[in-house]
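In the numbering used here, the protein residues as written are 11 to 264.
Quick reminder that beta carbons are idealized off the backbone N, C-alpha and C, glycines included.
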Ligand code: 13P
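In structure tokens form, the structure reads like this:
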């Protein structure tokens, strides 16, 4: 059976002390309140990673993730951080293809395919994000866009490599806007993604792939979203910055 995962994406928020303090609260709440088999992943800025991994030791329900990694193994790329460096901190996951990276840093499907390869080679598990803009949805292009993002970003992987991925459907129009996809809209896309995986790889691999929903997910709407048969958890932005809200979302799977 595929894993249920609730991942927090802190984005570019929280200084070092604030991040450690929030993470300590999250650990305590997970320890005290989480009774199910769900996995919690916290994706922080690079500066927190090593310390968060140390704090999470002994708590098997909590993992740490980065929010980006460079496509090259190493070299003269001033200011960049490699997958190998991230892995050396004990970090397990890395978000790739977030729409903010696509939009503000010009990341294309082609680049993201390379980033995915490098991350996997260095034993990181990518949380690979896909999703359409409002304009694309209004033009009724959303299925084509999602299909293209899958084909160009991750469908070059072999079945074993693909099995290490977590996917996240994040409609761009729902990110940070307070507008959530309805559970029916999200389920429709998640099922579409799962069917694409089944035709590319196999039904078994499709059934075992964790597909998260992201975009204005909060404690009030998580229950209905996560109850959909093809939604296996969430990628949480704003609400992951408040320990109570984040844990209440995680508790949806208790
Ligand atoms: P919000 O939950 O703030 O809408 O952000 C979603 C997101 O981008 C998670 O990666």
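Within the same chain, and ignoring the five residues on either side of residue 188 in sequence, the residues whose Cβ sits closer than 8 Å to its Cβ are 226. Look at residue 19 here: in three-state DSSP terms it is strand. With contacts defined by Cβ atoms closer than 8 Å, residue 36 and residue 253 form a contacting pair.
The beta-carbon separation of residue 110 and residue 162, rounded to 19 Å, does not stay under the 8 Å limit for a contact.
For residue 218, the CB stays at least 7 Å from every heavy atom of the ligand 13P. The three-state reading of DSSP puts residue 138 in strand, counting E and B together. Comparing alpha carbon positions, the residue from 125, 46, 45 and 41 closest to residue 84 is 125. Between residue 50 and residue 100, the gap from beta carbon to beta carbon reaches 8 Å or more. Exclusion of the five residues before and after residue 133 leaves 97 as the residues of its chain whose Cβ lies within less than 6 Å of its Cβ.
Within the region 177-216, no run of beta strand (DSSP E) at least 3 residues long lies entirely inside it. Counting along the chain, residue 156 sits inside the alpha helix (DSSP H) bounded by residues 152-163. DSSP places residue 52 in the strand class (E or B) of the three-state scheme. Inclusion of residue 231 and residue 173 in the CB contact set at 8 Å is not warranted, their separation being larger than that value.
Secondary structure of residue 104 (DSSP, three-state): strand. Residue pairing by DSSP places residue 249 opposite no residue, since no beta bridge is assigned to it. The beta carbon of residue 34 is closer than 7 Å to those of 65 in its chain, skipping five residues each way along the sequence.
Partner residues in the beta bridge of residue 73, as assigned by DSSP, are 51.
Taken from the Cβ of residue 60, every heavy atom of the ligand 13P lies 7 Å or farther away. When DSSP states are grouped into helix, strand and coil, residue 257 belongs to the helix group. Not a single heavy atom of the ligand 13P lies less than 7 Å from the C-beta of residue 193. Secondary structure of residue 243 (DSSP, three-state): strand.
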